[in-house]
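Chains X and A, in that order, are what the protein sequence lines are. Counting from 1 along the first sequence, just add 13 to a position and that's the residue number in our numbering. Counting from 1 along the second sequence, just add 72 to a position and that's the residue number in our numbering. A short write-up of the structure that comes next.
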Amino acid sequence: DTAVSQTPKYLVTQMGNDKSIKCEQNLGHDTMYWYKQDSKKFLKIMFSYNNKELIINETVPNRFSPKSPDKAHLNLHINSLELGDSAVYFCASSQDRAGGAFFGQGTRLTVV
Amino acid sequence: EDQVTQSPEALRLQEGESSSLNCSYTVSGLRGLFWYRQDPGKGPEFLFTLYSAGEEKEKERLKATLTKKESFLHITAPKPEDSATYLCAVQAGGTYKYIFGTGTRLKVLA
């Protein structure tokens, strides 16, 4: 039973399109995250939610909008996709805001 | 500015050849230091959390230690299956923000 699952695993889309990535965790954790891993494999936090409340909102273009309908889900919506948005996006969760995180398998987004 | 630096960038070891990976950090109020392992095409896998200087954690062939300025991940008698990228991250006290290092790519040769 997958602990943190995100869909889709691969996403290829054209510039200017709007897309969403979904994430669900079945660990009962309170905190969820979105990370971006660039081509050099550098992981950077984008957002974090704790009990559905946004607690970390890094300097990310406002084309990126997270949404947490409940504690177990954190989705990422991206408007007007640009070439530079191509990366692997990871969802993660942790028991609380101060713990080690469990990551999903990643969504490889390619914008053409 | 909060920062994490890992060294070396890449490391090749023969099977059974023990070594250490380094994670140096500067952060305003360390809340925790984390080690992860990442295999190609997969998400990072959580290994350890260290909270205070002098703390040590062990798991199989891995041992993580922490000082006020750096952490070491010691790998004892590594096997080829230990080949992966090892990532270090710190969490800043006030903001709860995580900062990752760029990782050490470890290759263990049979």
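Virtual Cβ for every residue (Gly too), placed ideally from N, Cα, C.
| field | Sequence-distant residues of the same chain with beta carbon closer than 7 Å to D98 (chain X), five excluded per side | value | Sequence index remark: in the first sequence, residue 98 (chain X) carries index 85 (1-based). The residues are I91, L122, V124.
| message | 7 Å is my cut-off, CB to CB: does R110 (chain X) come that close to chain A? | response | Position 97 of the first sequence, counted from the first residue, corresponds to residue 110 (chain X). Yes, contact with chain A.
| Considering Q19 (chain X), what are the terminal residues of the beta strand (DSSP E) in which it resides? | Here residue 19 (chain X) refers to the residue found at position 6 when the first sequence is read from its first residue. It spans 17 to 20 - the beta strand (DSSP E) in which Q19 (chain X) sits, taken as one unbroken run.
| request: For the beta strand (DSSP E) holding R103 (chain A), just list the boundary residues, first then last. | output: Here residue 103 (chain A) is taken as the residue at index 31 of the second sequence, counted from 1. R103 (chain A) -> beta strand (DSSP E) spans 102 to 110.
| field | Straight-line gap, G119 (chain X) to A85 (chain X) (C-alpha atoms, nearest Å) | value | By one-based count along the first sequence, residue 119 (chain X) stands at place 106. By one-based count along the first sequence, residue 85 (chain X) stands at place 72. Annotation: G119 (chain X) to A85 (chain X) spans about 17 Å, alpha carbon to alpha carbon.
| message | For T174 (chain A), report the span of its beta strand (DSSP E) as first-last. | response | Start at 1 with the first residue of the second sequence, and residue 174 (chain A) comes out as number 102. Counting along the chain, T174 (chain A) falls outside any beta strand (DSSP E), and DSSP gives it neither H nor E.
| query | Three-state secondary structure (DSSP) at P150 (chain A)? | reply | Position 78 of the second sequence, counted from the first residue, corresponds to residue 150 (chain A). Correct three-state label for P150 (chain A): coil.
| message | Which same chain residues end up closer than 8 Å to D31 (chain X) when comparing Cβ atoms and leaving out the 5 residues on each side of it in sequence? | response | Counting from one through the first sequence, the residue named residue 31 (chain X) turns up at place 18. The answer, listed in chain order, is H90, I91, N92, S93, L94.
| task | Check the C-beta distance from K135 (chain A) over to A125 (chain A) and give it rounded, since I have them as a contact under 8 Å. | result | Numbered from 1 along the second sequence, position 63 holds the residue referred to as residue 135 (chain A). Numbered from 1 along the second sequence, position 53 holds the residue referred to as residue 125 (chain A). That pair is no contact at about 16 Å.
| Of all Cβ atoms in chain X, is any one closer than 7 Å to the Cβ of Y168 (chain A)? | Numbered from 1 along the second sequence, position 96 holds the residue referred to as residue 168 (chain A). With 7 Å as the cut-off, Y168 (chain A) counts as an interface residue toward chain X.
| query | Are the beta-carbon atoms of Y102 (chain X) and I58 (chain X) separated by less than 7 Å? | reply | Residue numbering aside, residue 102 (chain X) sits at position 89 when the first sequence is read from its first letter. Residue numbering aside, residue 58 (chain X) sits at position 45 when the first sequence is read from its first letter. Not in contact: Y102 (chain X) and I58 (chain X) (Cβ atoms no closer than 7 Å).
| request: Name the two residues that bound the continuous beta strand (DSSP E) containing K84 (chain X). | output: Within the first sequence, the letter at position 71 stands for residue 84 (chain X). Run containing K84 (chain X): none; DSSP gives neither H nor E here.
| message | Can you list, in chain order, the residues of its chain with a C-beta nearer than 6 Å to that of S61 (chain X)? Leave out the 5 residues immediately preceding and following it. | response | By one-based count along the first sequence, residue 61 (chain X) stands at place 48. Closer than 6 Å at Cβ, skipping near neighbours: Y46, I68, I69.
| Counting only beta-carbon atoms, is G165 (chain A) nearer than 7 Å to chain X? | By 1-based counting over the second sequence, the position of residue 165 (chain A) is 93. Output row for G165 (chain A): interface = no.
| task | Could you check what DSSP says for L40 (chain X) in three-state terms: helix, strand or coil? | result | As a first step, residue 40 (chain X) must be located in the first sequence, where it is residue number 27. If DSSP states are grouped into helix, strand and coil, L40 (chain X) belongs with coil.
| task | Rank A:S100, A:L119, A:T98 by C-alpha distance to the C-alpha of Y108 (chain A) and give the top, closest one. | result | As a position in the second sequence, residue 108 (chain A) is number 36, starting the count at 1. The residue with the shortest Cα to Cα distance from Y108 (chain A) is A:L119.
| field | One or two residues paired with Q50 (chain X) in a DSSP bridge | value | Here residue 50 (chain X) refers to the residue found at position 37 of the first sequence. Q50 (chain X) pairs with X:L56, X:V101.
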